[in-house]
Amino acid sequence: MSRAHPHECDTRPVNTLDSAAALEKTIERYNSAWNDHDVDTILTFHAPRMVFENHTAGEQVEGDDVGPHIARIFENAPDLAFRGRRLYARDGLVVSEWTATATNREGRRVEWDGIDVFPFENGLILRKDVYSSSHRARVLDA
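What follows is the structure, given as structure tokens:
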């Protein structure tokens with residue numbers, strides 16, 4: 001959208017599906033689907049050309065490639081689980097802070113922290129930008 005003055009606010013009404021209150025509930029269901037490893041349900045929250053970018057891992061997939069990518073995540077970490085730490089919901093945007101736990105390739109339980117940034121449109125996730133400390137996971141069973 002181009003504006004006559006670059007410092008003007010976008011005052012278009014927010015779709016009720018993208019209101020902060022609605023997005024808090026949406027992300028709660030989305031996070032549950034992740035903890036259930038339910039790829040089909042996860043995908044129902046995504047816009048058709050959704051972009052999934054894990055900036056820490058240097059991975060980016062979009063559209064039809066997102067489902068198989070998520071399925072591989074679960075195959076590689078069958079006990080992967082997320083615990084929410086903080087959630088910031090604004091109209092059209094959610095930032096979710098979390099801690100993940102899983103068993104690594106050496107058979108050790110590890111955890112790491114991360115943040116997901118989700119812009120929404122019409123109640124659907126346009127992007128999932130992931131930033132995490134997975135490259136420096138903490139060993140839990142040392």
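Residue 26 in the numbering used here sits at position 26 of the sequence shown; the count goes up by one each step and never skips. C-beta: ideal position from N, C-alpha, C; glycine also. Small disclaimer: the values here were computed from a predicted structure and weren't measured.
Whole beta strand (DSSP E) elements within the region 69–112, 3-residue minimum: List check, beta strand (DSSP E) in window: 81–90, 93–103.
message: By DSSP's criteria, Arg138 is part of a beta bridge. Which residues make up the other side?
response: Glu111.
query: How about Ile125 and His46: are their beta carbons less than 7 Å apart?
result: yes
8 Å contact criterion, which Gln85 and Thr103 should meet: CB distance rounded: Here the sequence assigns Arg to residue 85, which means Gln is not the residue at that position. The Cβ separation is near 21 Å, so there is no contact.
task: Taking all protein chains shown into account, decide if Asn54 is buried (16 or more other Cβ within 10 angstroms of its Cβ) or exposed.
output: buried
message: Beta-carbon within less than 6 Å of Ala33's beta-carbon, same chain only, minus the 5 sequence neighbours each way: which residues are those?
response: Thr41, Ile42
- request: Assign Ala89 to one of two classes, buried (16 or more other C-beta atoms within 10 Å of its C-beta) or exposed (fewer than that).
  value: buried
message: Can you find the residues in the same chain that come closer than 7 Å, C-beta to C-beta, to Arg49, ignoring five residues on each side of it along the sequence?
response: Glu62, Gly63
message: Quick check: what's the CA-CA separation for Thr26 versus Val51?
response: 18 Å
Option nearest His157 by Cα separation, candidates Asn122, Phe118, Val110: There is no way to answer for residue 157, as the model of the chain reaches only from 1 to 142.
- request: Assuming Ala20 contacts Asp113 (C-beta within less than 8 Å), just tell me the rounded distance between them.
  value: Contact doesn't hold; Cβ gap of about 23 Å is too wide.
task: Could you pull out every unbroken alpha helix (DSSP H) segment of at least 4 residues lying fully inside the region 14–44, listed in chain order?
output: 20–35, 39–44
Host beta strand (DSSP E) of Glu62 (start-end): 59–62
query: Name the DSSP beta bridge partners of Ala132, please?
result: Reading off the sequence shown, one finds Ser at residue 132, where the question assumed Ala. DSSP, once it has assigned bridges, lists Gly114 as partnering Ser132.
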